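Following the numbering used here, the numbering of the sequence shown begins with 13 at its first residue and continues without gaps. Idealized CB from N, CA, C, for every residue including glycine. These numbers were taken from a predicted model, which means no experiment stands behind them. Worksheet for the structure shown next.
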Amino acid sequence: MLDSMRKHASGPVAKILIGILIISFGVWGVAGALSGIGTNTVAEVGNTEISVVDFDRAYRRELQNLSQQVGTQITPDQAKAFGLPNRVLARLITEAALDDQAETLGLGVSQDTLVKEIAADPAFKGAAGTFDRAYFVQLLRANGLNEDDYVLERRAVERRKQLADSISGGATLPVTLAEAVHMYQSEARTIRYIVMPASLITDVGEPTADQLTAYYNDHKADWKRPELREIAIMTLSPDDVARPSDIDDATAQKAYDADKAQYTTPETRHVYQLIFSDQTTADEQAAKLKGGASFESVVQSTGRQLADTDLGTVTRDKLIDPKVAEAAFSLPAGGTSDVIVGSFGPVLLWVPEVNPSTVKPFDEVKADIKSNLALEAARKDLSSVRDSIEDARAGGATLQEIATKNKLTLRSVNVDATGNDGDGKPVADLPAKDQLLKAAFESDVGIDNQALADGDTTVWYAVSAIDPAADRPLDSVKDQVAAAWKKATIATKLAEKAKETAARLSKGETMDAVAASLGLTVQTDENQTRGSKPPADFSTDALKAAFDGPKGYAAAVAGVEPDQQIVLQVESVTETPFVKDDPKEVSLTRQLADAMQNDLLQQYISELQNELGAKVNQQALQRVIGAS
13 MLDSMRKHAS GPVAKILIGI LIISFGVWGV AGALSGIGTN TVAEVGNTEI
63 SVVDFDRAYR RELQNLSQQV GTQITPDQAK AFGLPNRVLA RLITEAALDD
113 QAETLGLGVS QDTLVKEIAA DPAFKGAAGT FDRAYFVQLL RANGLNEDDY
163 VLERRAVERR KQLADSISGG ATLPVTLAEA VHMYQSEART IRYIVMPASL
213 ITDVGEPTAD QLTAYYNDHK ADWKRPELRE IAIMTLSPDD VARPSDIDDA
263 TAQKAYDADK AQYTTPETRH VYQLIFSDQT TADEQAAKLK GGASFESVVQ
313 STGRQLADTD LGTVTRDKLI DPKVAEAAFS LPAGGTSDVI VGSFGPVLLW
363 VPEVNPSTVK PFDEVKADIK SNLALEAARK DLSSVRDSIE DARAGGATLQ
413 EIATKNKLTL RSVNVDATGN DGDGKPVADL PAKDQLLKAA FESDVGIDNQ
463 ALADGDTTVW YAVSAIDPAA DRPLDSVKDQ VAAAWKKATI ATKLAEKAKE
513 TAARLSKGET MDAVAASLGL TVQTDENQTR GSKPPADFST DALKAAFDGP
563 KGYAAAVAGV EPDQQIVLQV ESVTETPFVK DDPKEVSLTR QLADAMQNDL
613 LQQYISELQN ELGAKVNQQA LQRVIGAS
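As structure tokens, then:
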């Protein structure tokens, strides 16, 4: 219900106060359980107590809201991880500090005023648009409150509002500040610029031995070889257990005979279908076919082309019309049909080609059948094999012993945490790669690790050795160091050239002349503000730099890509006049005023903290939240 009051609180100061009440728990610097606090009190601020009942009610309400947001019931431990208890306590402590000060100052709210405020609250209006007492009581009960509790809470809120109004409610925003913010946000600039690529630098050459050594030493971490681990890996999959050689020919033959359709290629036919709009025309054309006319000539006589009637080479099931399918697969190769009354009207068929069904002989597919039967049997036996391996491991057997006994392969790899070998190349075919690497680099030599699952494959692994990270000698990475030196040197020279180019602009050369001397194209970006989204080739740093000086200002900044520089010049500056009564300016002024009042209220509450402090009964707190 307090949420409802916050939602409908009137006035900017009231809204600011609501935000202040979410102040961080850490501000209060609360320690552990302190003596002198009653067992039914969670916290004490000055002379104001936060009871166990008040905290419990507020905490349960917030816990319910959070559970609704995430779509599942939040446990006490999860709530603690989210920081919910501290957040609720922080709000209640801040409220208690304000309540304590209101009491000290003798602030109050008359009963008549309070009744009017509650009656006017939109949260309690019924269907008629007026205060509905029955709905009021119902809503309170739904939030675990009775009328007395709510009136007390509402009275406290109104007193806090009085206090907040007295601190910051009268604060107004200077017009000059509003004007300054307006000018800052609305100022627009037209910017001309060139993008300087690394290809402008051509005189780098090769590094000397001293340059190479110096660069290597300055960037030694870039060439450091990461930690490598030798990992023994044994996998168990149906393929590992399957024994096709154990399947005899008779068993394979039986499987072949039972599923011969799998090895049968069905009959296909090339079918042409000529559809007519009426039976009379169809009969006339059928007579031509019987008289020796070709199917193509008959098709052409109807004003169509043979390709228009081509259904392609199809199996029987691909022909939708059962009558057409029956007729097409009854004709001999090269035969034409009588008129068939199909689903789409009378039709004539031509079947120029017939491809009979074929069956792969047993000997041709015997090996595949045995392999499939062996895999099927392996899948059934996999669980028992897996259990026997786990029993052997529990009995102290090594992976090598288990692999030998079960005719499995034990593979050893040297790999870093990303899956690369010592040369930085990916290690191929790592099973359950992400799981394996994470687990192996959290394990240690000699540890009996839990098996990993990768689909229907089980992976056992053991860390055999650990090779710590180490610097690679210069000789082993000389080419990479030289390439990096060149890249860095080019970047440095490009940045210097960009600064020289910007200096030329500052001395009076035109952007067009400078660009032409470099063989580059000038680009223009109009009406950019500080909040604009820059073009794709214009970096955010460049946009920021464009507002660092007046019209004519030139600057060199890093480009969008690492090997680019941007040289820009401000061509024009447009300032929009400040109109005090403009709706946008009114809204801006209101936002700035709210922010200023917010700052004042925050400072006041901070002083209250220093003056009053806070004591927390951690034992009572833990009883309520119930987290471990």
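_Straight-line Cα distance separating L110 from N622_ = Counting from 1 along the sequence shown, the entry for residue 622 is found at position 610. Counting from 1 along the sequence shown, the entry for residue 110 is found at position 98. Distance between the alpha carbons of N622 and L110: 13 Å.
*What three-state label does DSSP hand T280 in the structure shown?*
For the purposes of this step, residue 280 is taken as residue 268 along the sequence shown, with counting starting at 1. Strand.
*What is the C-beta distance between N158 and L152, in whole angstroms, given that I count them as a contact (C-beta under 8 Å)?*
Translated into the one-based positions of the sequence shown, residue 158 becomes position 146. Translated into the one-based positions of the sequence shown, residue 152 becomes position 140. Confirmed, about 6 Å.
_Using only the alpha-carbon positions, how far apart do M13 and N155 sit?_
Working through the sequence shown from its first residue, we reach residue 13 at position 1. Working through the sequence shown from its first residue, we reach residue 155 at position 143. Low confidence applies to M13: its pLDDT is 37, below 50, so where it sits in the model is not reliable enough to give any reading.
*Under 8 Å between the Cβ atoms of V493 and R201?*
For the purposes of this step, residue 493 is identified with residue 481 of the sequence shown, where counting begins at 1. For the purposes of this step, residue 201 is identified with residue 189 of the sequence shown, where counting begins at 1. Going by C-beta atoms, V493 is not nearer than 8 Å to R201.
*Following the continuous beta strand (DSSP E) through P358, name the residue where it begins and the one where it ends.*
Residue mapping note: residue 358 aligns to position 346 of the sequence shown, counting from 1. P358 -> beta strand (DSSP E) spans 357-367.
*What is the DSSP secondary structure of R167, counted as helix, strand or coil?*
Locating residue 167 in the sequence shown gives position 155, where the first residue counts as 1. Reduced to three states, the DSSP call for R167 is helix.
*Cβ pair D167, A114 closer than 8 Å*: Indexing the sequence shown from 1 puts residue 167 at position 155. Indexing the sequence shown from 1 puts residue 114 at position 102. Inspection of the sequence shows that residue 167 is occupied by Arg rather than by Asp. Taking 8 Å as the Cβ cut-off, R167 and A114 do not qualify as a contacting pair.
*asked:* According to DSSP, is V153 part of a helix, a strand, or is it coil?
replied: Looking up residue 153 in the sequence shown gives position 141. Looking at the sequence itself, residue 153 is Arg, so the reference to Val does not match. In the structure shown, R153 sits in a helix (DSSP, three-state: H, G or I).
*Can you tell me which of P373, Y284, E296, A386 puts its alpha carbon nearest to the alpha carbon of A337?*
Against the sequence shown, residue 337 aligns to sequence position 325. Ranking P373, Y284, E296, A386 by Cα distance to A337 puts Y284 first.
_the region 383-398 contacting the region 249-263, beta-carbon criterion three pairs below 8 Å_ = Taking 8 Å as the limit for Cβ pairs, the verdict is that the region 249-263 does touch the region 383-398.
*Rounded to a whole number of angstroms, what is the C-alpha to C-alpha distance between V121 and G138?*
As a working mapping, residue 121 is identified with position 109 in the sequence shown. As a working mapping, residue 138 is identified with position 126 in the sequence shown. Taking the straight line from one Cα to the other gives about 26 Å.
*Would you check if there are 3 or more beta carbon pairs closer than 8 Å linking the region 400-414 to the region 293-311?*
Cβ pair count under 8 Å is below three, so no.
_Check whether the region 470-478 and the region 531-539 are in contact - that is, three or more C-beta pairs closer than 8 Å._
As far as the Cβ criterion goes, the region 470-478 does not touch the region 531-539, which means the pair count is below three.
_Among D89, Y228, A102, whose alpha-carbon lies nearest the alpha-carbon of A70?_
What you label residue 70 is simply residue 58 of the sequence shown in a count that begins at 1. Put simply, of D89, Y228, A102 the residue whose alpha carbon is nearest the alpha carbon of A70 is A102.
*Determine which residues share a DSSP beta bridge with N426 and list them.*
Position 414 of the sequence shown, counted from the start, is the residue given in the question as residue 426. Residue pairing from DSSP places N426 in a beta bridge opposite E242.
*asked:* Taking the beta carbon of L117 as the centre, do at least 16 other beta carbons fall within 10 Å, making it buried, or is it exposed?
replied: As a position in the sequence shown, residue 117 is number 105, starting the count at 1. Exposed is the call here.
_Span separating the alpha-carbon of G543 from that of E512_ = Taking the first residue of the sequence shown as position 1, residue 543 is located at position 531. Taking the first residue of the sequence shown as position 1, residue 512 is located at position 500. For G543 and E512, the distance between alpha carbons rounds to 29 Å.
*What is the DSSP secondary structure of R635, reduced to helix, strand or coil?*
Here the question's residue 635 lines up with position 623 in the sequence shown. Assignment of R635 by DSSP, reduced to helix, strand and coil, places it in the helix class.
*Whose C-beta lies closer than 7 Å to the C-beta of V326 among residues of the same chain, with five residues either side of it excluded?*
Start at 1 with the first residue of the sequence shown, and residue 326 comes out as number 314. Result list for V326: T280, R281, V283, in chain order.
*Inter-residue Cα distance where the pair is S383 and S424*: Residue 383 sits at position 371 when you count from the first residue of the sequence shown. Residue 424 sits at position 412 when you count from the first residue of the sequence shown. About 28 Å.
*In terms of DSSP beta bridges, what is P478 paired with?*
Here residue 478 corresponds to residue number 466 of the sequence shown, with the count starting at 1. The question names Pro, yet the displayed sequence has Ile at residue 478. For I478, DSSP records a beta bridge to R241.
*Give the straight-line distance between the Cα atoms of M195 and L604, rounded to the nearest whole angstrom.*
Within the sequence shown, numbered from 1, the residue matching residue 195 stands at position 183. Within the sequence shown, numbered from 1, the residue matching residue 604 stands at position 592. If you take the alpha carbons of M195 and L604, they lie about 14 Å apart.
*Given that a residue counts as buried once 16 or more other Cβ atoms are within 10 Å of its Cβ, and exposed if not, what is A132?*
Here residue 132 refers to the residue found at position 120 when the sequence shown is read from its first residue. A132 counts as exposed, since fewer than 16 other beta carbons sit within 10 angstroms of its beta carbon.
*Helix, strand or coil: how does DSSP classify W40 here?*
Your numbering for residue 40 matches position 28 in the sequence shown. Model confidence at W40 stands at a pLDDT of 36, short of 50, so the residue's coordinates are unreliable; what they give is reported in the following sentence. Looking at W40 - three-state DSSP - the assignment turns out to be helix.
*If you scan the region 247-296 from start to end, which runs of the beta strand (DSSP E) of 3 or more residues do you find wholly inside it?*
Those beta strand (DSSP E) runs which fall completely within the region 247-296 and span 3+ residues are 280-287.
*Status (buried if at least 16 other CB within 10 Å, exposed otherwise) for A379*: Within the sequence shown, the letter at position 367 stands for residue 379. Around the beta carbon of A379, a 10 Å sphere encloses fewer than 16 other beta carbons of the protein chains shown; the residue is thus reported as exposed.
*Looking at S551 and G571, is the spacing between their C-beta atoms short of 8 Å?*
As a working note, residue 571 is residue 559 in the sequence shown. As a working note, residue 551 is residue 539 in the sequence shown. Closer than 8 Å, so yes.
*Helix, strand or coil: which one does DSSP assign to F143?*
Working through the sequence shown from its first residue, we reach residue 143 at position 131. The answer is strand: DSSP assigns F143 an E or B state.
*Just the Cα atoms here: how many angstroms apart are L580 and I502?*
Locating residue 580 in the sequence shown gives position 568, where the first residue counts as 1. Locating residue 502 in the sequence shown gives position 490, where the first residue counts as 1. About 20 Å.
*Ignore the nearest five residues each way along the sequence and tell me which others in D320's own chain have a CB closer than 8 Å to its CB.*
The count along the sequence shown starts at 1 and reaches residue 320 at position 308. Exclusion of the five residues before and after D320 leaves V311 as the residues of its chain whose Cβ lies within less than 8 Å of its Cβ.
*Output yes or no for whether 8 Å exceeds the beta carbon distance between I617 and T106.*
Against the sequence shown, residue 617 aligns to sequence position 605. Against the sequence shown, residue 106 aligns to sequence position 94. Judged by their CB atoms, I617 and T106 are nearer to each other than the 8 Å cut-off.
*Near A566, which residues of its chain fall below 6 Å by C-beta distance, leaving aside the five closest residues on each side in sequence?*
Here residue 566 is taken as the residue at index 554 of the sequence shown, counted from 1. So the qualifying residues of the chain are A514, L517, S518, Q581.
_Residue from P209, T225, A108, E239 with nearest C-alpha to L175_ = As a position in the sequence shown, residue 175 is number 163, starting the count at 1. Ranking P209, T225, A108, E239 by Cα distance to L175 puts A108 first.
*Distance CB(T541)-CB(S211) smaller than 8 Å*: Along the sequence shown, read from residue 1 onward, the residue named residue 541 stands at position 529. Along the sequence shown, read from residue 1 onward, the residue named residue 211 stands at position 199. In this structure, S211 does not lie closer than 8 Å to T541 by Cβ.
_Tell me which residue opens and which closes the beta strand (DSSP E) that L323 is part of._
Locating residue 323 in the sequence shown gives position 311, counting from the first residue. Note, L323: beta strand (DSSP E), 322-327.
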